[in-house]
Structures are given as C-alpha cells and as structure tokens.
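Below is one structure, written out as structure tokens; comments come after it.
Numbering (the numbering used here), first residue to last: 187 to 489.
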C-alpha cells in the first residue's frame with residue numbers, strides 16, 4: 187500500500203523527511219508516533235528520536251516482494267544523504283527500536299506480547315463526531331443489527347435486496363446500515379440506511395454486527411460484546427481479521443456469495459454461542475488500557 191500510494195519514491199521521501207525533521211525541531215519533540223508513515227521512521231533514524239507506531243502482525247507480511255524492494259530502493263538514498271547506514275524496510279519499520287502499539291488483544295493478533303518492543307492496548311478508537319445526527323434515534327428496549335460493509339465487500343444493491351427480507355417493517359429487530367456513499371437516510375422495511383451511524387450510540391443495543399472485517403469495526407463491536415458476521419471479500423488483511431475472530435469464537439466468517447436470507451437466518455440462530463465469547467473478549471479489550479496505556483508506553487520508550 188505504501189508503494190502504491192507513491193510513498194516509495196526517493197525524491198518525495200527526501201522532501202518529506204526534511205520537513206518532518208524541521209517540524210520535530212520546531213515542536214521540540216522528544217518522541218515520534220506514527221501509523222506507518224515512512225517519513226516518520228526515516229526521521230527517527232536520522233534524528234535519533236525514539237519512535238512508536240501503530241502495528242498489526244499482518245503489516246509485516248510481504249517481505250522480499252516487488253513492492254518491498256521498491257521501498258528498499260527508496261529509503262536507502264535518504265539514509266545515505268544523512269550519512270546513516272543502509273537499512274532494510276523490516277529494520278526501519280519493524281525493528282526492535284520501534285515500539286509497536288497494537289490496538290487489539292493477543293487473541294486477535296499473532297504478535298508475541300512478551301516482546302520488549304510490543305505493547306497491546308486493546309483499542310484506540312476515537313469519536314468521529316461529537317454528537318449523533320439530530321434524526322438518529324434509538325428506540326428504548328428495541329434490538330438492532332449494525333451493518334457496515336465498507337468497500338470491496340457486499341454491494342449496496344445486494345444489501346437493499348437482501349436485508350429487508352430478514353428485517354420486515356413490523357419485525358422485532360431493526361437493521362441499521364451505514365454507507366458513506368449515501369446522501370441521505372432512507373428506509374426499506376425494517377432496514378434503515380444512513381450515511382453515518384454513530385456506533386457508540388447503536389452498538390450497546392445490537393445483537394450482531396455484519397461487516398467487512400475492518401479492524402476498527404471488529405474491535406468497536408467487541409468492546410460492546412457484540413458478535414460479528416464478517417464478509418471480507420478478497421482483501422487479505424480483512425480475511426486475516428475475520429479468521430482471527432472466528433478462531434476466537436466471537437463470530438462467523440463467510441463469502442460474499444453466501445450473503446443471502448437463508449444463510450443469514452441460520453447464522454442468527456447461533457447468536458448465544460458467539461455472544462458469550464464476545465463478552466469475554468470485551469473484558470479483555472478493556473483490560474489493556476486503551477489510549478492511556480499507549481501514551482504511558484510511548485513516554486517510557488527509549489528505543
């Protein structure tokens with residue numbers, strides 16, 4: 187992804203690192219925290235500032251690939267221009283001098299928690315909007331299913347055709363679909379489609395989350411003890427996340443072509459089994475301390 191986005195270009199990295207070094211000096215920074223920005227890792231290597239990064243075990247896959255080699259060719263001229271030794275992408279991004287902040291728990295990630303350069307923190311989920319939309323209302327005592335399929339998973343047309351068959355207008359459960367491509371809310375049977383769904387307001391009332399396997403959606407749902415049904419599609423990272431949820435017993439993984447009323451009804455009947463495990467994982471996520479634990483770990487890190 188870094189290579190595809192244009193970040194594996196030496197000229198760009200030269201300019202980026204120069205600006206980040208200036209920013210760190212102006213800010214009088216004594217630590218760097220990043221989410222896999224190559225410039226930040228290079229700035230740390232050049233300046234000596236300790237660095238911490240958000241991390242997941244899947245981030246370190248792809249060693250030796252074409253894109254890995256592209257990144258290696260891009261970073262080393264930058265290091266050499268500052269008279270620093272050459273490094274592989276693994277050494278720069280994932281070496282022992284980088285504190286790896288993992289917004290998850292060991293049950294959902296493969297990284298050894300005993301490593302000195304690893305700190306699990308459970309979650310780093312912030313509030314996107316300070317308040318819910320004025321037209322968003324939760325009916326007291328009513329149960330919900332939250333659906334968020336992002337991109338590359340279930341299409342909006344399929345959601346519109348399938349979900350009203352499961353959630354009729356007069357049913358006991360309301361389905362709430364979040365789709366950023368929508369311009370306005372609308373309703374089909376017992377299914378409400380919205381451009382934005384305030385998850386913190388909805389999830390405490392949910393029986394299930396149906397999603398694409400994004401890390402934030404998974405952790406957010408489990409924080410509220412909500413089991414998951416995941417349709418990751420072909421994207422490797424999401425398939426990895428979905429398999430970890432399934433292995434942990436907190437949900438189901440299926441393929442896009444199985445998104446139909448019969449399959450989903452059968453899945454819904456298994457809720458009790460998965461909900462109990464989701465509740466256990468919720469306690470585990472909360473126990474790792476979240477953002478406060480991350481800040482403490484970063485402040486103590488010396489590289």
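From the three backbone atoms N, C-alpha and C, an ideal C-beta is built for every residue, glycine too.
Classify residue i as helix, strand or coil using the three-state DSSP reduction.
{"i": "residue 412", "result": "coil"}
{"i": "residue 220", "result": "strand"}
{"i": "residue 187", "result": "Residue placement at residue 187 cannot be trusted, given a pLDDT of 49 that sits under 50; what the coordinates show is reported in the next sentence. In the structure shown, residue 187 sits in coil (DSSP, three-state: anything other than H, G, I, E or B)."}
{"i": "residue 269", "result": "coil"}
{"i": "residue 311", "result": "coil"}
{"i": "residue 280", "result": "helix"}
{"i": "residue 225", "result": "helix"}
{"i": "residue 239", "result": "strand"}
{"i": "residue 484", "result": "helix"}
{"i": "residue 476", "result": "helix"}
{"i": "residue 421", "result": "coil"}
{"i": "residue 383", "result": "coil"}
{"i": "residue 322", "result": "coil"}
{"i": "residue 405", "result": "helix"}
{"i": "residue 294", "result": "helix"}
{"i": "residue 259", "result": "helix"}
{"i": "residue 368", "result": "coil"}
{"i": "residue 389", "result": "helix"}
Tell whether a beta-carbon distance below 8 Å holds between residue i and residue j.
{"i": "residue 339", "j": "residue 284", "result": "no"}
{"i": "residue 371", "j": "residue 379", "result": "yes"}
{"i": "residue 291", "j": "residue 421", "result": "no"}
{"i": "residue 428", "j": "residue 460", "result": "no"}
{"i": "residue 442", "j": "residue 396", "result": "no"}
{"i": "residue 231", "j": "residue 218", "result": "no"}
{"i": "residue 381", "j": "residue 366", "result": "yes"}
{"i": "residue 261", "j": "residue 228", "result": "yes"}
{"i": "residue 324", "j": "residue 388", "result": "yes"}
{"i": "residue 352", "j": "residue 263", "result": "no"}
{"i": "residue 272", "j": "residue 235", "result": "no"}
Could you tell me the boundaries of the alpha helix (DSSP H) in which residue i lies?
{"i": "residue 197", "result": "196-213"}
{"i": "residue 468", "result": "457-473"}
{"i": "residue 450", "result": "447-454"}
Which residues bound the beta strand (DSSP E) around residue i?
{"i": "residue 344", "result": "Element bounds for residue 344: not the beta strand (DSSP E) but the alpha helix (DSSP H), 342-352."}
{"i": "residue 437", "result": "437-439"}
{"i": "residue 395", "result": "392-397"}
{"i": "residue 304", "result": "304-306"}
{"i": "residue 374", "result": "372-374"}
{"i": "residue 328", "result": "Note, residue 328: premise wrong, no beta strand (DSSP E); not H, not E."}
Among residues of its own chain, excluding the 5 on either side of residue i, which ones have a beta-carbon nearer than 7 Å to its beta-carbon?
{"i": "residue 303", "result": "282, 284, 285 and 286"}
{"i": "residue 445", "result": "340, 344, 348 and 417"}
{"i": "residue 309", "result": "289, 405, 409, 471 and 476"}
{"i": "residue 400", "result": "336 and 424"}
{"i": "residue 258", "result": "274 and 275"}
{"i": "residue 434", "result": "293, 294, 463 and 467"}
{"i": "residue 268", "result": "232"}
{"i": "residue 280", "result": "246"}
{"i": "residue 474", "result": "291, 306, 307 and 308"}
Quick one: what's got a C-beta closer than 6 Å to residue i's C-beta in the same chain, skipping five residues either side?
{"i": "residue 329", "result": "359 and 393"}
{"i": "residue 198", "result": "none"}
{"i": "residue 190", "result": "With a pLDDT of 46 at residue 190, under the threshold of 50, the predicted position of this residue should be treated as unreliable, and no value is reported."}
{"i": "residue 403", "result": "334 and 397"}
{"i": "residue 355", "result": "375 and 376"}
Within its chain, find whatever has a CB closer than 8 Å to the CB of residue i; leave out the 5 residues flanking it on each side and keep chain order.
{"i": "residue 440", "result": "415, 416, 417, 449 and 453"}
{"i": "residue 485", "result": "217"}
For the ligand MG, any of its heavy atoms closer than 7 Å to the Cβ of residue i?
{"i": "residue 282", "result": "Judged by which ligands are present, the structure shown has none, so any question about the ligand MG falls away."}
Does the beta carbon of residue i sit closer than 8 Å to a beta carbon anywhere in chain D?
{"i": "residue 352", "result": "Judged by its chain identifiers, the structure shown contains no chain D, having just a single protein chain."}
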